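Colleague: Count along the sequence shown from 1, add 3, and you get the number used in my numbering.
Every residue gets a Cβ at the ideal spot worked out from N, C-alpha and C, and that includes glycine.
Everything numeric in this text was worked out from a predicted model, so none of it was measured.
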Amino acid sequence: MARPEAQPIASHFIDGAYVDDTAGTPIPVIYPATGKTIATVHAATPEIVDRALASAARAQIEWATTDPATRGRILRRAADLIRDRNRELSELETLDTGKPLQETLVADAASGAEALEYFGGLAVDHTGTQMSFGTDWAYTIRRPLGVCVGIGAWNYPTQIACWKGAPALATGNAMVFKPSEATPLCALKIAEILCEAGLPNGLFNVIQGLGAVGAALTTDPRVAKVSLTGSVPTGRKVAATAAGELKQVTLELGGKSPLILFDDADLDDAVSGAINANFYSSGQVCSNGTRVFVQAGLRDAFLERLTARLDGVITGDPLDENTNFGPMTTEAQTRIVLRYLEMAKNEGARVVTGGHRIDREGWWIAPTVLTDLTDDMQVVREEVFGPVMSVLTFEDEDEVVARANATPFGLSAGLFTRDLARAHRIVRQLQAGTCWINQYNLTPAGLPFGGSKASGIGRENARAAMDHFTEIQSVYVGMGPVEAAY
Ligand code: NDP
4 MARPEAQPIA SHFIDGAYVD DTAGTPIPVI YPATGKTIAT VHAATPEIVD RALASAARAQ
64 IEWATTDPAT RGRILRRAAD LIRDRNRELS ELETLDTGKP LQETLVADAA SGAEALEYFG
124 GLAVDHTGTQ MSFGTDWAYT IRRPLGVCVG IGAWNYPTQI ACWKGAPALA TGNAMVFKPS
184 EATPLCALKI AEILCEAGLP NGLFNVIQGL GAVGAALTTD PRVAKVSLTG SVPTGRKVAA
244 TAAGELKQVT LELGGKSPLI LFDDADLDDA VSGAINANFY SSGQVCSNGT RVFVQAGLRD
304 AFLERLTARL DGVITGDPLD ENTNFGPMTT EAQTRIVLRY LEMAKNEGAR VVTGGHRIDR
364 EGWWIAPTVL TDLTDDMQVV REEVFGPVMS VLTFEDEDEV VARANATPFG LSAGLFTRDL
424 ARAHRIVRQL QAGTCWINQY NLTPAGLPFG GSKASGIGRE NARAAMDHFT EIQSVYVGMG
484 PVEAAY
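1) How is the alpha helix (DSSP H) around Val485 delimited, first residue to last?
2) Is Val295 close to chain C? Criterion is C-beta to C-beta, closer than 9 Å.
3) Would you list the one or two residues that DSSP bridges to Arg308?
4) I'd like to check one pair, Val226 with Val179: are the Cβ atoms closer than 9 Å?
5) I need the DSSP call for Tyr497, collapsed to helix, strand or coil.
6) Give every residue of the same chain whose Cβ lies closer than 8 Å to the Cβ of Gly101, excluding the five residues on either side of it in the sequence, and list them in chain order.
7) DSSP three-state call for Tyr121: helix, strand or coil?
8) For Val22, which residues in the same chain have their Cβ closer than 6 Å to its Cβ, ignoring the five residues on either side in sequence?
9) Look at the alpha carbon of Leu414 and the alpha carbon of Ser114, and state the distance between them as a whole number of angstroms.
10) Is the separation between the beta-carbon of Thr68 and that of Thr473 shorter than 9 Å?
11) Given a cut-off of 9 Å on the beta-carbon distance, is the pair Val391 and Phe296 in contact?
12) Compare the beta carbon distance of Gly417 and Gly257 with 9 Å and say whether it is the shorter of the two.
13) Given this structure, state the Cα-to-Cα distance separating Asn464 from Pro170, to the nearest angstrom.
14) What's the C-alpha gap between Trp439 and Tyr159?
15) Where does Asn176 fall in DSSP's three states?
16) Give the straight-line distance between the Cα atoms of Thr130 and Ile144, rounded to the nearest whole angstrom.
17) When you measure from the CB of Lys167 to every non-hydrogen atom of ligand 1, does any distance come out below 8 Å?
18) For the beta strand (DSSP E) holding Glu255, just list the boundary residues, first then last.
19) The beta strand (DSSP E) with Ala156 in it runs from where to where?
20) Are there three or more Cβ pairs, one per stretch, closer than 8 Å when the region 81-94 is compared with the region 125-141?
21) Does the region 202-221 come within contact of the region 229-244, defined as at least 3 CB pairs closer than 8 Å?
22) Report yes or no: do three or more beta-carbon pairs, one from the region 347-355 and one from the region 378-387, lie closer than 8 Å?
23) Measure the CB-CB distance between Val387 and Ile339 and report whether it falls below 9 Å.
24) Indicate the three-state DSSP secondary structure (helix, strand or coil) for Gly319 in the structure shown.
25) I'd like to check one pair, Ser477 with Ala55: are the Cβ atoms closer than 9 Å?
26) Under the rule that 16 or more other beta-carbon atoms within 10 Å means buried, what is Glu8, buried or exposed?
27) Leaving out the 5 sequence neighbours to the left and right, which residues in its chain are closer than 6 Å to Ile77 when beta-carbon positions are compared?
28) If you draw a straight line from the C-alpha of Pro49 to the C-alpha of Ile210, how long is it?
29) Do the CB positions of Gly389 and Tyr343 come within less than 9 Å of each other?
30) Confirm the yes/no value for this check: CB of Ile154, any heavy atom of ligand 1, distance under 8 Å.
31) Got a sec: does ligand 1 put a non-hydrogen atom nearer than 8 Å to the Cβ of Tyr159?
32) Going by CA-CA distance only, name the one from Glu398, Asn327, Ala347, Gly27 that's closest to Ile263.
33) Hey, quick one: how far does the beta strand (DSSP E) through Asp139 stretch, first residue to last?
34) Given a cut-off of 9 Å, decide if Gly149 and Glu75 are closer than it, judged by their beta-carbon atoms.
35) Hey, is Ala218 close to ligand 1, as in C-beta under 8 Å from one of its heavy atoms?
36) For the region 337-379, which segments carrying the beta strand (DSSP E) assignment without a break, of at least 3 residues, lie completely within its bounds, in sequence order?
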């Protein structure tokens, strides 16, 4: 199969044009399926960071007063362009991340387009409130924050750029976006498409770099808000830096989410849910349900059906649409996952299937199911961020709720049962930002998404995201004479 062109025109996209500065540290872009370099970009130098922020600050002033209907129309046009170019963008996402084209064709650009369409539609309808105080009255205005910074993780580069960019732009902000250094390609295309859709220059700039560039963006006084998708340690750093400057933050961080399967669940649905919650994108999904609590009566049937279904895994060139399981996105993450597998085995875990590297070029780990675990093992407690499912057994509701909540994380949770009264009763007790009942990992643009506890602050998607990209201005209107003491 012919490979699409991976090398971008230049490393950065600023003020409506591709820009390079080869003085910046070279960043190789590696195709995870082969481990081979397919492109090179350069980290932003301080001059590039400055240009990106200056152009965003300039452009935002006029954008803030642009009719929201116009803003929305541009975003919806960008959504259409993304859909028209779905295949090209999906192939790029596959090259950037290694995720199989079978997935990226339906998940990534599609989700980005959905966000742009959704927030484009809502742009005209993000209103304040009005209230009376006797004959006096007051109203509130939702004002944009100014220049916002988006910093992305490497698992969903197109989606993260759109999930952050769309609500920021719809509400009148400018955004400077820094993709993960591991996946620098996709956000550039989103910037290009936004421009083609009519977005004025400077409103969505993309600059490359490692953590240092992210840190430079979060400390700059021109920046009003930082929206990060990343790990908990990076989240803590960004929050601490932003606190020093009193900037607003949204943090979408890691998780170790529980997926609870009751005896009365539909077995095939429960197995499908567990597969999607652990092996989609080779397990590199923040909201994955990696602690699979199976009620004792279902355990054997679940493991039998699960292992049979995993025979359907097809590894191969991710650009081949028959491939349904891809490599890890980075070599570093591959090493991390293999280390967790070694630790688990040393601690006495039983490997039902997988548990090893797949013997082919690139960074592949077999889909792995572990049993004979205890809740205190490291592989059960910590985010592995790879294709590793921990199967745990439970007896009753109270026990599983207590164990599900016994984690510092709180991103997501799922449960499968035919007893819907029980489902809703349990959901109210789970400490998780998003819960799925008889489903897993679906994140429509109209549903708020974000973490509880250490999994984050704030929400993406839905009207909640627009609230996080705006602040309220209160306006009191006096209608009568003004009294004064003297
Ligand atoms: P990291 O936390 O390593 O990096 C996230 C981003 O932050 C990268 O662009 C990184 O740059 C940048 N960065 C690193 N240090 C700093 C700093 N001091 N200041 C500002 N920016 C910085 O996460 P990963 O990329 O490894 O992504 C995996 C993590 O992301 C997992 O924990 C996962 O759970 C989480 N995640 C959360 C999601 C959610 O919505 N809750 C969704 C997807 C992933 P660089 O990498 O280039 O150095």
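Modeller: Here's the rundown:
1) Note, Val485: premise wrong, no alpha helix (DSSP H); not H, not E.
2) Within the model displayed, chain C is absent; a lone protein chain is all it includes.
3) Its beta-bridge partners do not exist; DSSP assigns none.
4) yes
5) Examination of residue 497 is not possible in this model, given that the chain is present from 4 through 489 alone.
6) Tyr34, Pro35, Ala36, Ser285, Pro321, Gly329, Pro330, Met331, Thr332, Gly365, Trp366
7) Secondary structure at Tyr121: helix, using DSSP grouped into helix, strand and coil.
8) Correct list, in chain order: Ala13, His15.
9) Distance between Leu414 and Ser114, taken at the CA atoms: about 19 Å.
10) In this structure, Thr68 sits away from Thr473, with a CB-CB distance that is not shorter than 9 Å.
11) no
12) no
13) 8 Å
14) 20 Å
15) coil
16) 7 Å
17) Not under cutoff, so the answer is no.
18) 251-255
19) Run containing Ala156: none; DSSP gives neither H nor E here.
20) At 8 Å Cβ cutoff, the stretches do not touch.
21) yes
22) yes
23) yes
24) Here Gly319 sits in coil by DSSP.
25) Taking 9 Å as the cut-off, the beta carbon of Ala55 is found no closer than this to the beta carbon of Ser477.
26) exposed
27) Ala200, Gly201, Leu202
28) 11 Å
29) Yes; because the gap between Cβ atoms is below 9 Å, this pair is in contact.
30) yes
31) yes
32) For Ile263, the closest C-alpha among the options Glu398, Asn327, Ala347, Gly27 is that of Glu398.
33) Run containing Asp139: 139-147, per the beta strand (DSSP E) assignment.
34) Per the sequence presented here, residue 75 reads as Gly, with Glu not at that position. The answer is no: Cβ separation not under 9 Å.
35) yes
36) 353-356, 371-374
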